[in-house]
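Numbering (this note's numbering), first residue to last: 402 to 634.
Where is the CB? At the ideal position from N, CA and C, for every residue including glycine.
None of the values given here were measured: they were computed from a predicted structure.
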């Protein structure tokens, strides 16, 4: 039995990303998983494309309804299904625009045998993207920025999560972003270590400054409101 279940969150991924999404699926094959849990909130053929991919490779395909879900709700849905319906030891999240580098799993596998490690994150390489150009324009080194961002916030681009480290997690449903930070903090609060695979993935993101800024400010506002009323994190 494979020790890993793959989880993917999508929204018109095939329509918007095309070959990048297909390459993300193909790149995932270095990881020994038998099942894919996908939460899709789009209206294109992403589910069919993913189903065909799984069928051709004899992998189980589990689609979950994602209509109206933000990132927090979608990730929680994947986690709940993993914990309730599978016995595998690890859940792996992979973003739809992330292509694993060839040595990702070779490096990650070394950490999986350590029972003290609950989260294994692959460094996302954004070189060649608009986001990398923006960072360089601002005077930042993209690799150093990604490493610092993970330590502060976490990340779910290409992330392995130990089953025991996820037990009992309830991601606040108002987190449009920062659900990755909540997951990292939760794993650490459960007493587990987090580690970095430096040969992680190519993150072929399409950076939208205004759209991203709106999502961040909306989430910050939600966090503040929920803290005031007493049920925020």
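In terms of alpha-carbon separation, which member of 487, 423, 480 lies closest to residue 440? As a working mapping, residue 440 is identified with position 39 in the chain shown. When each option's Cα is compared against that of residue 440, the closest is 480.
Give a single yes or no on whether residue 420 has its beta carbon closer than 7 Å to a heavy atom of the ligand NAD. In the structure on display, the ligand NAD does not appear, and there are no ligands present to speak of.
Same chain only: Cβ atoms within 6 Å of residue 412, ignoring 5 sequence neighbours per side: The residue you call residue 412 lines up with position 11 of the chain shown. If we look at residue 412 and ignore the five residues flanking it on each side, its Cβ neighbours are 442, 443.
Out of 451, 564, 448, state which residue places its alpha-carbon closest to the alpha-carbon of residue 513. Against the chain shown, residue 513 aligns to sequence position 112. Ranked by Cα distance from residue 513, the first of 451, 564, 448 is 564.
Is there contact here, the region 501-509 with the region 575-594, by at least three beta-carbon pairs under 8 Å? No, because fewer than three Cβ pairs between the region 501-509 and the region 575-594 fall closer than 8 Å, the two stretches do not touch.
Sorted by chain position, which residues of the same chain lie with C-beta nearer than 7 Å to residue 452's C-beta, five sequence neighbours on each side aside? Here the question's residue 452 lines up with position 51 in the chain shown. Here residue 452 has 462 as same chain residues with Cβ atoms under 7 Å from its own Cβ, once five neighbours each way along the sequence are excluded.
Measuring straight from C-alpha to C-alpha, what distance separates residue 459 and residue 476? Within the chain shown, numbered from 1, the residue matching residue 459 stands at position 58. Within the chain shown, numbered from 1, the residue matching residue 476 stands at position 75. One Cα belongs to residue 459, the other to residue 476, and the distance between them is close to 24 Å.
Beta carbon of residue 497, beta carbon of residue 414: below 8 Å? The residue labelled residue 497 in the question sits at position 96 within the chain shown. The residue labelled residue 414 in the question sits at position 13 within the chain shown. Their beta carbons are under 8 Å apart, which means residue 497 touches residue 414 by this criterion.
Which value, in whole angstroms, describes the spacing of the CA atoms of residue 466 and residue 478? If you number the chain shown from 1, residue 466 lands on position 65. If you number the chain shown from 1, residue 478 lands on position 77. Roughly 9 Å between the two C-alpha positions.
Exposure label - residue 553; buried when at least 16 CB within 10 Å: Reading the chain shown from its first residue, position 152 is the one you call residue 553. Label assigned to residue 553: exposed.
Tell me which residues share the same chain as residue 419 and place their Cβ nearer than 6 Å to its Cβ, disregarding the 5 neighbours each side in the sequence. Mapped onto the chain shown, residue 419 falls at position 18. The beta carbon of residue 419 lies closer than 6 Å to none in the same chain, with the five residues before and after it left out.
Exposed or buried, residue 410, counting other C-beta atoms within 10 Å across all chains shown (16 or more means buried)? As a position in the chain shown, residue 410 is number 9, starting the count at 1. By the 10 Å Cβ count, residue 410 comes out buried.
Beta carbon of residue 585 nearer than 8 Å to that of residue 492: Counting from one through the chain shown, the residue named residue 585 turns up at place 184. Counting from one through the chain shown, the residue named residue 492 turns up at place 91. Taking 8 Å as the Cβ cut-off, residue 585 and residue 492 do not qualify as a contacting pair.
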